[in-house]
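Mapped onto my numbering, the consecutive letters of the sequence shown carry residue numbers 828 to 1165.
Even for Gly, the Cβ is constructed at its ideal location relative to N, Cα and C.
Working notes, beginning with the structure itself.
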Amino acid sequence: MTKSDISEIKQLLSTPKKVVIVPHKNPDGDAIGSTLGLYHYLKNTAHEVTIIAPNDYPDFLKWMPAENLIVNFEFKNAQSLKLIEEAELIFTLDFNALHRTGAMATPLKNAKAIKIIIDHHQQPEDYATFMYSDVNMCSTCEMVYHFLEMLDATDAINQAIATCLYVGIMTDTGSFRFPSTTSTTHRVIAELIDKGANNSQIHNNIYDSNSYNKLQLLGRALNNLKVIPELHTAYITLTQNELNSHNFKKGDTEGVVNYGLSIKGVKFAVIFIEHQQEHIVKISLRSKGDFDVNALAREHFSGGGHINAAGGRSELNLEETITKFISILPSYKKELQS
Ligand code: 5GP
Ligand code: MN
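Shown next as structure tokens:
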């Protein structure tokens, strides 16, 4: 963001505006944390603000300040469309391309509002008037903090904002351990704790709220884990039947892919999850070091994300998807073995 972008945005925000804030589909901790953090700031500075999420999000996020006010585009379609159409400003957070909002993409594209992107994913699409994109940032939540810094507004950070931003930084950095975590990230986190974020309580709310079913499903996933030692690769599969028999709920498989990456010597881990209703296999990819899962997901699985964490999908069935995956691995042999 240039200095002149910032002064234009300051000017825009100097009088009350109708604002819509949008996270990506299947929002995670960073998507919900960043949208809510920005929501509280704008709300407290006299704007009329609504967060519209493309669809539902996991229960472990359903304690965050004001999350109950998030409008679900799937359930409140007419209201959402009206809000998007009437908005003067639309912030799109934690995604790089409008198609990441699913059915909201077209109404967002057609909206007359001034659009502002805040995001840390690779290859940002150029659809907004103002773009704050930084692929080196650990999380969109850290970027919202820096955005408030640029607006000279950190004094306005209260406990609600601090709590929301803490959540996304914590979840997107794997609790401050991924390489994207910098000393600045830790300084931001320290500030957020000083502003009232209860770090231990937040950790409990997010990570110690497992159901028995979720742990049993994790057990199933770990049993299904396969390792290809010579390619330093591990992968997990979950069928729709396995999900059903453990009473799967949204969020229950979040983070499971990381177990593959925790095996000594493994630098590439994937989880394949069957979604019978959508006729797709949802894929999550993670890596260590410079093995680029964003590139692999883009090339083979209609997805993308970051160098060390990406998502994608396959329209083949689960078995065929695994066969495809195994067949493309040798072309990455050199990178995987380096
Ligand atoms: P997850 O595996 O947790 O769904 O996603 C990992 C990371 O990749 C997240 O930052 C997520 O936002 C991003 N991501 C997931 N799916 C896609 C996709 O289809 N396209 C892009 N550009 N990013 C994705
Ligand atoms: Mn993120």
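Other residues of its chain near residue 900: CB distance less than 6 Å, five sequence neighbours each side excluded: 879, 881, 907, 931
Proximity to residue 843 [Cα-Cα], best of 835, 860, 873, 918: 873
Identified DSSP bridge partners for residue 916: 846, 941
Using the three-state DSSP reduction, which class does residue 1107 fall into: helix, strand or coil? strand
Taking 9 Å as the cut-off, decide whether the C-beta atoms of residue 918 and residue 865 are in contact. Yes.
Mapping the DSSP letters down to three states, classify residue 974 as helix, strand or coil. DSSP places residue 974 in the helix class (H, G or I) of the three-state scheme.
Within 10 Å of its beta-carbon, does residue 1064 have 16 or more other beta-carbons around it, so buried, or fewer, so exposed? buried
Using alpha carbons as the reference points, say which of 1107, 1085, 1101 lies closest to residue 1136. 1085
Just checking: is the beta-carbon of residue 854 within a distance shorter than 9 Å of some beta-carbon in chain B? The chain inventory of the structure shown lacks chain B, comprising one protein chain alone.
Using the Cα positions of residue 955 and residue 1046, report the straight-line distance between them to the nearest angstrom. 44 Å
What are the boundary residues of the alpha helix (DSSP H) that residue 1014 is part of? 1010–1021
Buried or exposed: residue 877, going by 16 or more other Cβ atoms within 10 Å of its Cβ? buried
Quick one: any contact between the segment 1027–1044 and the segment 1069–1082, if contact means 3 or more CB pairs under 8 Å? yes
Assign residue 1049 to one of three DSSP states: helix, strand, or coil. helix
Boundaries (first-last residue) of the alpha helix (DSSP H) holding residue 1150: 1145–1155
CB contact flag (residue 863, residue 891, <9 Å): Contact check for residue 863 against residue 891 passes: the beta carbons are separated by less than 9 Å.
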